Structure formats: structure tokens, C-alpha cells
Amino acid sequence: MANATDHLWMHFTRMASYSAGEVPTIVRGDGAYVWDAQGRRYLDGLAGLFVVNAGHGRTELAEAAAKQAGELAYFPLWSYAHPTAIELAEKVAALAPGDLNRVFFTTGGSEAVEAAWKLARAYFKRTGKPTKYKVVSRYIAYHGTSMGALSITGLPGIKTDFEPLVPGGIKVPNTNFYRAPEHGDDPEAFGRWAADEIGRAIEREGPDTVAAVFLEPVQNSGGCFPPPPGYFQRVREICDAYDVLLVSDEVICSWGRLGEYFGATRYGYQPDIITTAKGITSGYAPLGAMIASDRLMEPFLSETGMFAHGVTFGGHPVSCAVALANLEVFARENLVGHVRANEGAFRSTLEKLTDLPIVGDVRGDGYFYGIELVKDKATRETFDEAESERLLRGFLSTALFQAGLYCRADDRGDPVVQLAPPLIAGQQQFDEIEQILRTVLTEAWSRL
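Right, dumping it as C-alpha cells:
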């Protein structure tokens, strides 16, 4: 629409890029597809933004929102409760691993991460260890954009405009095995090394100063880095040894994205806190949550105890009603099982692209994959900054969209194409993704 840039300030957008053209405007969605204002159809290869797990056009979710708004449109969770928040907290706690039974609702992922860091700090203050406040996280990892979450984030390019940030963010290597600096021929040894880097960072900072380690089950930024075998088990040992909380940031990786309700379940580790959002409502209303263990709640259960944190719209009645209806869809259609049954087919279809000279690596799990692009497959040489700019922003992003595929061409690490379709997707959509990528990546290589 011609007036889209007159007043709308889009997120993470180079606004000048639309000075000579119209902003792509999406007006409708159904299943795994969306349509723009001109009636063109696109395969939603990113589920909006890793969000629309149940697929577009679910009228039952819209109806659940309307029904709840008619009964109780809003009431806060500040010393009061409402039925949809109570019921949803019970369901989330039942699905979460171990004793993660305490659910603190937010409106999104950044707020959930912010709440988790604040809880870690407050917990240690109330248990006699007030100097524990720092957080360990990984290079290139994205954990949100609020000031605390941004300090945990490992992407310098989105931080510099806002510095100085909240102090205490410590960075360690991630689990990109394709570019492993150590043990590049042994995934298990690499995982041990990467986990031990967390322990070494805690030692350098002083164990009495570190409160938490924040990790995604599969790291998003950089292009889907799964954990090597034994990685999270070793991280759990390290956290226990130093009395540090393990936070599993599952804003993307929960609600079926990896073939389980939570990524921690998929990889067999027990966190102290899970942060979640996005797929909990499949995007039909904004909602996030921090899910904490019973022991983290204990210091706040005294007569005058209080976790002095909250947000106006956290646990909004309408959002909670939508989440409950969304989880009914998950159960009725076995969406989590659908991902497990089809992830092998998704992977093998994407791996066909490895015959292209520009494709260096295909990695991920569940319905969450990254395809790393390289200049030389034999040496794994990547593109320099100028080349990446021309390849991703100058050609790929637009060409993929024009070819009918909405996905992400990202250069926050090495250049990658990221894919995370709605969980309803099947072989028809996998083949469509592969064919569009093949055509566009072949043309991209010819332009280098």
C-alpha cells in the first residue's frame, strides 16, 4: 500500500529501502500460505516469525478470542486472577519438564527473558548470595531487544546504538559444528569443549558473581545450531557445580517446533527456567511466559514476600483463551507428533540442495532449519561483508519472495537461509520450498 511508509515505523527495517517502491503488504493467510494485497500467494516458510505453528486461518482461535473478549476483555494478574490464566498455567505446568510448575505470564519473548534474569537476581539475593547477577550466553545468539534481554543477546550489530547496556552479560562460543574451532571431526568432543567453555567463563568471572546461563535448545541466529551429543547434560553438570541457574530460552523452540512441546524434552535436559512465547498462541494473540521451578518460587512465599515485577498485559484473558484453544488444536491434530513423523522428510528434501555449489551446510531439527551459503564448498570460505550485502539484501531476500517463498535470508553470522514453516506443513510444502530455493540459489551463484 502506497501510504505504508508515511506513518508506520516497521521493526528491524531499512525504511529507506522502500522510498522507491511499495511495502509488501500481507492481507490474508490460510494453512501454510499467505496472500498480499495484489492477490499473490506465498508459502510461509517462516511461520510468520517462528510463530504461526498451527497454521493460518484457524477460525476456532479467532472465535475463542471473540468469546473471551465478550465475557472479560481485560483484568490484570496483579493480586487478582482470572479463569483463563489459571487454566492455562495449569496446562503449561503439566507439559513442562520436571518441577517447572510456576508460570509467570508476559506478552512476548523479550519480556519473558527479562523476567527470567530478574528472577535469577532476586532469587540469589533472597537466598544469601547477593553478588550473583551475571549471565552467560552464546555468541551470535538472540534473546530479545529490551535492555536486559539485549545484554544477554550476542549480536553486536543490534546493540551498539543502545549502549551502555545492563552490565553482566558474558559471552561464550556457540555450537556451530560446521565452523568448529576445536574438535571439528568429533561432535561429542566438540560439545564437551563448548560446554566446558561455559565453565571456564564462570571461573573467570567468579562463580559467586554468576546467576544464570541462558541457552536456546537450537540457537536461532547464525542459522540453527543444534546441540552436539551430551552438550546440555554437561552444561547441567556445570550449572549444578557452580550453583548457577540454567535457563532454556524456548521462545522459538517450544510448542512443537522441534517435535516436542519443549526443546529441553527433545534433548533430555532439565532447566531451572524456560522462557517461551510465539507458538503458545500460534500468533493469534500476543503472549509469553517464564516457567520456573518450585524452588525458585520458595523465597517469595513468605508472608511479605513478593517478586516485584509485572507487565500490564501479561496473561491477558483473551490471549490466554486463545492459547488454550491453540493447545486443543495441538492435541486434536497431534501437531507435535506430525513434526516428529515428518522431520526426516523435511531434512532429506532440504539436503537435496547440497548438490548446489553455494550450499555449504544444512542443519537443524524438527521444523527448524538453516542452510549456510558459502563461496567455496571445499574450503568453507564464506562471503565478506560487501558480498553478503549484495547476495542477501541485494538479491536473495527479494528474489525468494518474488518466487513465492517467504523465509529469512540472514547474515547475523555467516550467510544463511532459515526455514521454519507452520507445523501443519507436509511433503507438498517441502518440495515447493526445495524447488524455489534451487531456482533462486542457482541464479544467485551465477551472479557472484
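Position in the sequence shown counted from 1, then plus 171, gives you our numbering. Think of the CB as a built atom: it goes at the ideal place given N, C-alpha and C, for glycine as much as any other residue. On a predicted model such as this, the values are computed, not experimentally measured, just so you know.
Check                                                                                                                           : Outcome
Simplified DSSP state of G362, which is helix, strand or coil                                                                   : helix
Beta-carbon proximity check, V507 vs G427, cutoff 8 Å                                                                           : yes
Limits of the beta strand (DSSP E) - the one that K449 falls within                                                             : It is not in any beta strand (DSSP E) - K449 carries neither H nor E in the DSSP assignment.
I595, DSSP secondary structure in three states                                                                                  : coil
For A383, the three-state DSSP class (helix, strand or coil)                                                                    : strand
For M468, the first and last residue of its enclosing alpha helix (DSSP H)                                                      : D465 to M468
Where the beta strand (DSSP E) through L590 begins and ends                                                                     : V587 to L590
Burial state of S464 (16 or more Cβ within 10 Å)                                                                                : buried
Short Cβ contact (8 Å threshold) for T324 with T380                                                                             : no
Stretch-stretch touch, CB-based, cutoff 8 Å, three pairs: the stretch 303 to 316 with the stretch 255 to 275                    : no
Among G575, K548, L571 and G584, the one whose alpha carbon lies nearest that of S559                                           : G584
Uninterrupted beta strand (DSSP E) stretches inside the stretch 500 to 546 (no shorter than 3 residues)                         : 530 to 536 and 539 to 544
Whole-Å CB distance - Q239 paired with A460, under 8 Å assumed                                                                  : With a Cβ gap of about 18 Å, Q239 and A460 do not count as contacting.
Residue interval of the beta strand (DSSP E) (run including L416)                                                               : L416 to D420
Y432, DSSP secondary structure in three states                                                                                  : coil
Residues that DSSP places opposite R297 in a beta bridge                                                                        : Beta-bridge pairing links R297 to no other residue.
Cβ-based neighbour list, L495, same chain, cut-off 8 Å, excluding 5 preceding and 5 following                                   : A235, T255, E258, L259 and K262
Nearest candidate by alpha-carbon position, reference E376, set K305, D201, R609 and D547                                       : K305
Given 8 Å, three or more beta-carbon pairs between the stretch 290 to 301 and the stretch 352 to 369                            : no
Segment contact flag, the stretch 594 to 608 with the stretch 511 to 519, C-beta cutoff 8 Å, min 3 pairs                        : yes
Contacts around V406, its chain only, beta-carbon distance under 8 Å, and the 5 residues preceding and following it disregarded : A366, I369, V384, L386, L417 and Y440
Contact under 8 Å by Cβ, G202 with A448                                                                                         : no
T277 - DSSP class collapsed to helix/strand/coil                                                                                : strand
Under the three-state DSSP convention, the category T209 falls into                                                             : According to the sequence displayed, residue 209 carries Gln and not Thr. Q209: coil per DSSP, three-state reduction.
Where G393 sits in the DSSP three-state scheme                                                                                  : coil
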